[in-house]
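Accompanying notes for the structure given below.
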Amino acid sequence: MTGFGIPELDRQLDQLLESASKLTDMQARVAEIHGQGEAVDGKVRVEADNAGRLVKVELDPRVMRLPSTELAEAFLAAAQQASDDVARQSSGLMNEFMPAQAPNIDKLLRTDYSGLRDDAAEAIKRISQSTNPIAELKEQLGRLTPGGTPKPPASESTP
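Here you go:
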């Protein structure tokens, strides 16, 4: 709970924090995705990484008896299956990450919170451009105050 004392803002920011945490988890899970494909009764097998690039090819020696055009078609079919498998797994992760109750940023930015609106917009902009969104989110949330006067960033504070 962020505790700004404005229930709608608190709820939206809590959801934003949760989404940022889920994004970090999703990035790690996307990196682990590998798709599988096969053709000619498993005699041609391929594996693709999370970008759909082939990272492994296995050919059963018996498949070498096929005419080159059939072997090429089998290889392409297995590669397409692997690519489709990566896409299916990636789509499943996106569906997990984008729940129906995701924060409504537009509503958050349209609401007048006595000066907090512009500060929140700047915070969201900084978070979206950050290479470490969770750390930036924590930094920006620490700067927002219910009265609408932002605290200076930690780097600008004087001891």
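If you use my numbering, the sequence shown corresponds to residues 48 to 206, in order.
Glycine included, every Cβ here is placed at the ideal spot set by N, Cα and C.
Bear in mind that the values here come from a model prediction, so they are computed numbers and not experimental data.
{"Asked": "When 58, 113 and 63 are compared against residue 171, the one with the closest alpha-carbon", "Found": "63"}
{"Asked": "Cβ shell of residue 85 (< 8 Å), same chain only, five flanking positions each side left out", "Found": "91, 92, 93, 125 and 128"}
{"Asked": "Exposure of residue 54, with buried meaning 16 or more beta-carbon neighbours within 10 Å", "Found": "exposed"}
{"Asked": "Own chain partners of residue 177 with C-beta closer than 6 Å, once the 5 adjacent residues on each side are dropped", "Found": "183"}
{"Asked": "Within 9 Å, strictly: CB atoms of residue 180 and residue 60", "Found": "no"}
{"Asked": "Simplified DSSP state of residue 203, which is helix, strand or coil", "Found": "Its pLDDT being 48, under 50, residue 203 is placed unreliably in this model, and the coordinates cannot settle the point."}
{"Asked": "Whole-Å CB distance - residue 110 paired with residue 87, under 8 Å assumed", "Found": "6 Å"}
{"Asked": "Burial state of residue 82 (16 or more Cβ within 10 Å)", "Found": "buried"}
{"Asked": "Beta-bridge partners of residue 95, as assigned by DSSP", "Found": "82 and 101"}
{"Asked": "Pair within 9 Å by beta-carbon distance, residue 97 and residue 66", "Found": "no"}
{"Asked": "Whole-angstrom C-beta distance between residue 102 and residue 95, which should lie under 8 Å", "Found": "7 Å"}
{"Asked": "Pairwise C-alpha distance: residue 77 and residue 115", "Found": "35 Å"}
{"Asked": "Collapsed DSSP secondary structure at residue 63 in the structure displayed", "Found": "helix"}
{"Asked": "Top-ranked residue by Cα proximity to residue 140, from 74, 123 and 130", "Found": "74"}
{"Asked": "Under 9 Å between C-beta atoms of residue 130 and residue 99", "Found": "yes"}
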